[in-house]
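Let me begin by presenting the structure, written as structure tokens, before commenting on it.
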Amino acid sequence: MSSINQNENKEIFSCQFRGLEFCCVVGDILSSNTDCIGAICDSNFSLTFGLTKAIKDAAGDDFSLNLQRERRKQSSSAISLRLSRNCGLRTNFVILCPARRSSRDSFDEIYNHFLSKAKELQIQSMTLPLLGTGHYGLSFDLATQFLKKAFTQFADFGNLKKVQFIDQSENSMGLLRDFFNTQMCSKTNGVKSTFDSTHSSPDISIFVFSDSSKSNICGQSSSNNPGSSGTSSSNSSNSPNINVSLITGDGN
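Under the working numbering, the letters of the sequence shown match residues 2 to 253, in that order.
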């Protein structure tokens, strides 16, 4: 199976969550150049259909032999395979995690297996599909709740800095982007998405009207124009520009 060119993989979103970067990418997982790619397989590691077959075909003739050898060495919950440099994939490792139909209620545990193996390998980046939405038939809402539970409760990501979710459907990645932006990377969680961080801080002007016969009256306006005037201002990288002006009633 030939993979599409890496340049055709398009990142449409990224945000930070507990020091980890989440990315949504439209494209082909076989073209990913992160440290590893992960895939769910059947309990026998047969790799006869879907994504795992595509990985096996692209990785070359030695992949199946290496898999059988590593199955005797590693835990059956997650098997990692180091790839040769001349194989048809751009990644260094493949992580395979088995799942059964009964796994429909525990996909958060499968995420944990991927994360634990990534921590063991001391890798910094990993590419995954949204687990459970294909052959296992999970709804998008249920699949994302398993994702949220796993990444929220996992204690320590080790050296892992980036998890890239990928699908050839831009609509699917758009939905996942919205999920991250509202439920995991929102301001209410103390984490800002990259879209939030690129917005310039607004200018806020406070006007104090002084009249000797009346109480002071304060008014406030906001603007994104950098040319707002005022007698004093306060700036920081994450704070608005605040301008304070005193306007007297005498002579007017």
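Even for Gly, the Cβ is constructed at its ideal location relative to N, Cα and C.
R83, DSSP secondary structure in three states:
The residue given as residue 83 occupies position 82 in the sequence shown. Under the three-state reduction of DSSP, R83 is assigned to strand.
In angstroms with no decimal places, state the Cα-to-Cα distance between P1 and T49.
In the structure as shown, the chain starts at 2 and stops at 253, and residue 1 therefore has no counterpart that could be examined.
Could you give the distance in angstroms between the alpha-carbon of K162 and the alpha-carbon of R178?
Residue 162 sits at position 161 when you count from the first residue of the sequence shown. Residue 178 sits at position 177 when you count from the first residue of the sequence shown. A straight line joining the alpha-carbon of K162 with that of R178 spans about 18 Å.
To the nearest angstrom, how far is the alpha carbon of S81 from that of D142?
Numbered from 1 along the sequence shown, position 80 holds the residue referred to as residue 81. Numbered from 1 along the sequence shown, position 141 holds the residue referred to as residue 142. Each residue's Cα considered, the two are about 29 Å apart.
Taking DSSP's pairing of strands, which residues face F94 in a bridge?
Numbered from 1 along the sequence shown, position 93 holds the residue referred to as residue 94. Answer is C37 and R83.
Meets three-Cβ-pair contact criterion under 8 Å: the segment 56 to 69 and the segment 142 to 151:
Under the Cβ criterion (8 Å, minimum of three pairs), the segment 56 to 69 does not count as touching the segment 142 to 151.
Can you give the beta carbon distance from I30 to T128, rounded, assuming they're within the 8 Å contact cut?
The sequence position of residue 30 within the sequence shown is 29, counting from 1. The sequence position of residue 128 within the sequence shown is 127, counting from 1. With a Cβ gap of about 6 Å, I30 and T128 count as contacting.
Give the range of the alpha helix (DSSP H) segment to which L122 is assigned.
Position 121 of the sequence shown, counted from the first residue, corresponds to residue 122. Looking at the DSSP string, the run of the alpha helix (DSSP H) that includes L122 is F108 to L122.
Looking only at its chain, what residues have a beta carbon closer than 6 Å to the beta carbon of G20, apart from the 5 residues adjacent to it on each side?
Position 19 of the sequence shown holds residue 20. Beyond the five residues adjoining it in sequence on each side, G20 comes within less than 6 Å, by CB distance, of no other residue in the same chain.
Considering just the uninterrupted stretch of the alpha helix (DSSP H) at N143, what are its terminal residues?
Taking the sequence shown and counting its residues from 1, one reaches residue 143 at position 142. Strictly speaking, residue 143 in this sequence is Leu, with Asn absent from that position. That run of the alpha helix (DSSP H) goes F141 to Q154.
Proximity below 8 Å, CB of F181 to CB of C16
Translated into positions along the sequence shown, residue 181 becomes position 180. Translated into positions along the sequence shown, residue 16 becomes position 15. The Cβ-Cβ distance between F181 and C16 falls below 8 Å.
Tell me the rounded alpha-carbon separation between Q125 and R102.
Taking the first residue of the sequence shown as 1, we reach residue 125 at position 124. Taking the first residue of the sequence shown as 1, we reach residue 102 at position 101. Q125 and R102 have their alpha carbons spaced roughly 31 Å apart.
Spatial neighbours of F166 within its chain, please: CB distance less than 8 Å, with the 5 preceding and 5 following residues excluded, ordered by chain position.
For this step, residue 166 is matched to residue 165 along the sequence shown. For F166, where only same-chain residues beyond five positions count, the Cβ hits under 8 Å are F23, C24, C25, V26, T128, L129, P130, L131, M174 and L177.
Please tell me whether K120 and F158 are closer than 8 Å, where the distance is taken between their beta carbons.
The residue labelled residue 120 in the question sits at position 119 within the sequence shown. The residue labelled residue 158 in the question sits at position 157 within the sequence shown. Yes. Within cutoff.
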